[in-house]
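Asks: Chains as they are written, first to last, in our numbering: chain A, 1 to 95; chain B, 96 to 587.
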Amino acid sequence: MSVDKDIVKRVARLARIAVSDEEAEALKGELNTILGFVEQLNEVDVTGVEPMTSVVAVEMKKRTDVVTERDQAAKIVANAPVREEHFFVVPKVVE
Amino acid sequence: MNQAAAKPRTSKLIKGATGDWEIVVGMEVHAQVTSHAKLFSGAPTGFGGAPNDHVSLVDAAMPGMLPVINGECVAQAVRTGLGLDAEINLRSVFDRKNYFYPDLPQGYQISQYKQPIVGEGTVTVDLADGETVTVGIERLHLEQDAGKSIHDQHATMSFVDLNRSGVALMEIVSKPDIRSADQAKAFLTKLRSILRYLGTCDGDMEKGNLRADVNVSVRRPGEPLGTRCEIKNVNSIRFVGQAIDFEARRQVGLIEDGGTVEQETRLFDPGRGETRSMRSKEEAHDYRYFPDPDLLPLEFDQAYVDQLAAGLPELPDARKERFVGAFGLSPYDADVLVAEKENAEYFEAVAEGRDPKIAANWVINELAGRLNREGREIADSPVSTEQLGAIIDLIGEGTISGKIAKDLFEIVWAEGGDPRVVVDERGMKQVTDTGAIEALVDEIIAANPDKARQVREKPAMLGWFVGQVMKASQGKANPQAVNALLKEKLGV
């Protein structure tokens with residue numbers, strides 16, 4: 001698989017990263033090199049092999065249904081660039 | 096497409112200018128899981144709360160935070176699957192659904208995509224006209240709720256509260272087996288009832304704890320499915336009906352005028368009773384789902400499922416069957432009683448040791464009617480099960496007449512008290528003493544000689560006499576005794 005400039009621009013837009021036309025051109029080359037490297041994996045026949053989800057065979061840990069964290073709004077918004085009455089404040093977004 | 100459900104019923108079709116159209120509806124219902132803590136964090140799920148007070152560092156997506164799944168949310172999803180007669184998947188996978196919005200701090204929602212926890216199931220829906228429809232369930236999966244953006248606090252800024260962020264939701268997806276607005280409403284009502292019986296979602300639509308995305312399309316009967324529109328986030332059962340009716344007519348109008356239906360997302364405006372396009376989406380969503388590397392697959396064994404199944408409560412369908420089979424109630428009365436768990440429990444407490452049909456009649460007609468008029472729930476009924484039971488006992492014993500019982504009910508409703516004591520104190524006991532009733536009967540006949548003559552030609556007039564005697568006794572005379580005595584004395 002390889003990417004063209006349009007795909008680079010679209011991926012950048014989905015990731016909310018501003019990419020100029022020149023940058024997209026350069027990124028196209030870099031991305032194709034990475035994809036080409038990864039594509040070597042296609043040489044291995046994995047027919048019938050389950051995708052691996054973990055390097056160790058463990059079951060997912062579950063928490064009990066107990067409230068352990070609350071009333072820490074000040075801590076939650078402490079690093080927000082703009083906040084008011086413990087709300088995060090962001091540039092207006094309306095659907 | 097479920098072929099069994101594809102047989103169109105003419106009564107469900109809508110008439111267009113150029114012939115009949117069939118409505119096809121499928122629903123995606125978001126039900127908030129009943130749990131203390133969130134799906135992947137130890138923050139509380141309670142409604143309300145000061146801004147960002149129900150938030151953990153995981154819910155705020157602080158760097159380095161890792162999700163740990165709440166076992167109870169898993170159990171609730173499995174219970175719900177069992178309640179929907181659905182396949183339970185012993186292995187399921189959490190995926191990331193990627194999109195940007197300020198109330199989604201992670202930049203993705205943890206959801207389940209290709210391998211949900213619950214697969215295909217069914218919901219049996221009984222309609223008011225006696226029809227029974229089986230609506231297929233496609234799947235149920237667990238996912239996180241998002242936070243809330245508030246846009247009206249500031250001219251140029253939006254306020255974000257993450258209290259709901261990370262709360263566990265079950266998305267329940269139906270098959271497109273629904274053929275009318277009434278069926279859709281009945282389906283959602285039944286689903287809500289099942290969830291409430293199971294205790295897996297409180298079904299509170301006003302708080303947004305249960306909401307539906309409604310997919311609507313129209314077609315000529317027997318033809319392939321038409322293009323659908325999705326009406327997002329409808330938060331009342333009545334609105335679901337209105338939205339479908341409006342949307343189906345809009346689509347029929349569009350097609351009949353030579354246009355085509357565009358697949359799109361629409362919003363229902365309850366004020367205008369219409370659906371509107373959400374035009375802001377200029378580009379199609381590209382969610383780029385992939386398995387969440389922070390979470391292992393969700394796995395459990397059949398023994399775990401069996402254990403949860405053993406602990407399930409009796410569900411509405413089984414309870415209805417019992418009410419009809421063991422109690423001899425009509426299917427309609429049984430339906431009315433089982434729809435809300437609290438009503439069914441109240442009825443059972445009243446019916447215990449009494450005639451179930453009389454108990455049903457009082458709960459459905461007198462109590463529920465009265466509660467409805469005042470917009471109250473049975474949980475805060477002023478008349479307790481013991482009080483209503485005592486009123487029914489007093490009728491059964493012949494201590495009071497059915498008519499007096501209604502007055503007694505009003506007194507107990509308004510003032511409370513032990514019905515037996517009220518009857519004693521206010522002299523409401525029925526007069527069964529034949530001598531006393533006979534005196535009243537004689538009095539009425541003597542005062543109305545003309546009518547006493549006429550009644551021999553028009554026996555229907557007997558009712559007038561009964562009424563007069565009952566009135567004279569202030570409703571306390573035993574109506575059967577009055578009737579018998581009048582017939583004897585008037586020679587009817």
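Glycine residues also receive a C-beta, built at the ideal position from the N, C-alpha and C atoms.
Going by DSSP in three states, B/T229 sits in which element: helix, strand or coil?
Replies: Numbered from 1 along the second sequence, position 134 holds the residue referred to as residue 229 of chain B. Correct three-state label for B/T229: strand.
Asks: I'd like to check one pair, A/E85 with B/P200: are the Cβ atoms closer than 9 Å?
Replies: Here residue 200 of chain B refers to the residue found at position 105 of the second sequence. Here residue 85 of chain A refers to the residue found at position 85 of the first sequence. The answer is no: Cβ separation not under 9 Å.
Asks: Have a look at B/L177, B/L152 and B/C168 and flag the residue whose alpha-carbon is nearest the alpha-carbon of A/D71.
Replies: Against the first sequence, residue 71 of chain A aligns to sequence position 71. Nearest C-alpha to A/D71: B/L152.
Asks: Which two residues bound the contiguous beta strand (DSSP E) that contains B/I118?
Replies: Here the question's residue 118 of chain B lines up with position 23 in the second sequence. Start and end: G114 to Q127.
Asks: Could you tell me which chain A residues have their CB closer than 7 Å to the CB of B/H246, listed as they occur along the chain?
Replies: Within the second sequence, the letter at position 151 stands for residue 246 of chain B. Those within 7 Å of B/H246 in chain A are K92 and V94.
Asks: So, does the stretch 576 to 583 of chain B touch the stretch 527 to 540 of chain B, judging by three or more C-beta pairs under 8 Å?
Replies: Touching, yes.
Asks: So is A/V66 in contact with chain B if we call contact Cβ pairs under 9 Å?
Replies: Against the first sequence, residue 66 of chain A aligns to sequence position 66. For A/V66, the answer is yes, since a Cβ of chain B falls inside 9 Å of its Cβ.
Asks: In angstroms with no decimal places, state the Cα-to-Cα distance between B/D450 and B/E492.
Replies: Within the second sequence, residue 450 of chain B is the residue found at index 355, counting from 1. Within the second sequence, residue 492 of chain B is the residue found at index 397, counting from 1. About 12 Å.
Asks: Among A/D6, A/T53 and A/A57, which one has its Cα closest to the Cα of A/E25?
Replies: As a working mapping, residue 25 of chain A is identified with position 25 in the first sequence. Taking only the C-alpha atoms, the option nearest A/E25 is A/D6.
Asks: Skipping 5 residues on each side, what residues in its chain have a beta carbon closer than 8 Å to that of B/V445?
Replies: Reading the second sequence from its first residue, position 350 is the one you call residue 445 of chain B. If we look at B/V445 and ignore the five residues flanking it on each side, its Cβ neighbours are A454, W457, V458, T480, L483, G484 and I487.
Asks: Of the residues A/L14, A/M52 and A/D4, which one's Cα is nearest the Cα of B/L390?
Replies: Here the question's residue 390 of chain B lines up with position 295 in the second sequence. Answer by Cα proximity: A/M52.
Asks: Using a Cβ-Cβ cutoff of less than 6 Å, which residues in the same chain neighbour B/A276 once the five nearest sequence positions on both sides are dropped?
Replies: Locating residue 276 of chain B in the second sequence gives position 181, counting from the first residue. Within the same chain, B/A276 has close Cβ partners G336, I339 and D340.
Asks: Which of helix, strand or coil does DSSP assign to B/G111?
Replies: Counting from 1 along the second sequence, the entry for residue 111 of chain B is found at position 16. Three-state result, B/G111: strand.
Asks: Distance, Cα to Cα, B/F195 vs B/T370?
Replies: Residue numbering aside, residue 195 of chain B sits at position 100 when the second sequence is read from its first letter. Residue numbering aside, residue 370 of chain B sits at position 275 when the second sequence is read from its first letter. Distance between the alpha carbons of B/F195 and B/T370 is about 25 Å.
Asks: Give me the Cα-Cα distance between B/R623 and B/Q210, rounded to the nearest whole angstrom.
Replies: Because chain B is modelled from 96 through 587, residue 623 of chain B falls outside the range shown and cannot be assessed.
Asks: Buried or exposed: which applies to B/H149, given that a residue is buried once 16 or more other Cβ atoms fall within 10 Å of its Cβ?
Replies: For the purposes of this step, residue 149 of chain B is taken as residue 54 along the second sequence, with counting starting at 1. B/H149 should be labelled buried.
Asks: Closest Cβ-Cβ distance between A/V44 and chain B: below 9 Å?
Replies: As a first step, residue 44 of chain A is located in the first sequence; it is residue number 44 there, counting from the start. For A/V44, the answer is no, since every Cβ of chain B falls outside 9 Å of its Cβ.
Asks: Starting from the N-terminal side, write out each stretch of the alpha helix (DSSP H) that is 4 residues or longer and does not extend beyond the stretch 519 to 552 of chain B.
Replies: Qualifying alpha helix (DSSP H) stretches, in chain order: 529 to 542 and 544 to 549.
Asks: For the structure I just gave you, are there three or more beta carbon pairs, one from the stretch 216 to 228 of chain B and one from the stretch 130 to 138 of chain B, closer than 8 Å?
Replies: No, because fewer than three Cβ pairs between the stretch 216 to 228 of chain B and the stretch 130 to 138 of chain B fall closer than 8 Å, the two stretches do not touch.
Asks: Tell me the rounded alpha-carbon separation between B/A279 and B/L393.
Replies: Here residue 279 of chain B is taken as the residue at index 184 of the second sequence, counted from 1. Here residue 393 of chain B is taken as the residue at index 298 of the second sequence, counted from 1. If you take the alpha carbons of B/A279 and B/L393, they lie about 32 Å apart.
Asks: Hey, does A/D71 have any beta-carbon neighbour from chain B nearer than 9 Å?
Replies: On the first sequence, residue 71 of chain A is found 71 positions in, with the first residue counted as 1. Yes - at least one Cβ of chain B is within 9 Å of the one on A/D71.
Asks: Straight-line CA distance for B/V120 to B/G353?
Replies: Here residue 120 of chain B is taken as the residue at index 25 of the second sequence, counted from 1. Here residue 353 of chain B is taken as the residue at index 258 of the second sequence, counted from 1. Their Cα atoms are separated by approximately 23 Å.
Asks: Tell me whether B/E377 is buried or exposed, calling it buried when 16 or more other Cβ atoms sit within 10 Å of its Cβ.
Replies: Within the second sequence, the letter at position 282 stands for residue 377 of chain B. Below a pLDDT of 50, predicted positions are generally treated as unreliable, and B/E377, at 49, falls in that range; the measurement from the model is reported next regardless. By the 10 Å Cβ count, B/E377 comes out exposed.
Asks: Of the residues B/A547, B/L462 and B/C296, which one's Cα is nearest the Cα of B/K584?
Replies: Working through the second sequence from its first residue, we reach residue 584 of chain B at position 489. Measuring from the Cα of B/K584, the nearest candidate turns out to be B/A547.
Asks: Please go through the same chain and pick out, in chain order, the residues whose beta-carbon is closer than 8 Å to the beta-carbon of A/V66, but skip the five residues on each side of it.
Replies: Residue numbering aside, residue 66 of chain A sits at position 66 when the first sequence is read from its first letter. Around A/V66: no qualifying Cβ.
Asks: Within 8 Å, do at least three Cβ pairs link the stretch 253 to 265 of chain B to the stretch 77 to 92 of chain A?
Replies: Because the criterion of three Cβ pairs below 8 Å is met, the stretch 77 to 92 of chain A and the stretch 253 to 265 of chain B touch.
Asks: Nearest to B/V188 by alpha carbon, out of B/L466, B/F395 and B/V526?
Replies: Position 93 of the second sequence, counted from the start, is the residue given in the question as residue 188 of chain B. Nearest C-alpha to B/V188: B/F395.
Asks: At the level of alpha carbons, what is the spacing between B/H131 and B/D297?
Replies: Here residue 131 of chain B refers to the residue found at position 36 when the second sequence is read from its first residue. Here residue 297 of chain B refers to the residue found at position 202 when the second sequence is read from its first residue. Taking the straight line joining both Cα atoms gives about 13 Å.
Asks: For a contact meaning CB atoms closer than 9 Å, what does B/T251 contact in chain A?
Replies: Walking along the second sequence from the start, residue 251 of chain B turns up at place 156. Those are P91 and K92, listed as they occur along chain A.
Asks: Using a Cβ cut-off of 7 Å, pull out every chain B residue sitting near A/V77, in sequence order please.
Replies: For the purposes of this step, residue 77 of chain A is taken as the residue at position 77 of the first sequence. Within chain B, the residues near A/V77 are N147.
Asks: Quick one: list the residues of chain B neighbouring A/L14, beta-carbon separation under 8 Å, in chain order.
Replies: Your numbering for residue 14 of chain A matches position 14 in the first sequence. Per Cβ cutoff of 8 Å: N193, D381 and R383.
Asks: List the residues that DSSP assigns as beta-bridge partners of B/C324.
Replies: Translated into positions along the second sequence, residue 324 of chain B becomes position 229. B/C324 is bridged to B/V311.
Asks: Expressed to the nearest angstrom, what Euclidean distance is found between the alpha-carbon atoms of B/L293 and B/N438?
Replies: Reading the second sequence from its first residue, position 198 is the one you call residue 293 of chain B. Reading the second sequence from its first residue, position 343 is the one you call residue 438 of chain B. Roughly 15 Å separates the two Cα atoms.
Asks: Please state whether the Cβ-Cβ distance between B/S260 and B/Q239 is less than 9 Å.
Replies: Residue numbering aside, residue 260 of chain B sits at position 165 when the second sequence is read from its first letter. Residue numbering aside, residue 239 of chain B sits at position 144 when the second sequence is read from its first letter. In contact: B/S260 and B/Q239 (Cβ atoms closer than 9 Å).
Asks: Using DSSP with H/G/I as helix, E/B as strand and the rest coil, what is B/V218?
Replies: Looking up residue 218 of chain B in the second sequence gives position 123. Three-state result, B/V218: strand.
Asks: Starting from B/E472, trace the alpha helix (DSSP H) both ways and give me its first and last residue.
Replies: Residue 472 of chain B sits at position 377 when you count from the first residue of the second sequence. Element bounds for B/E472: n/a, residue is neither H nor E.
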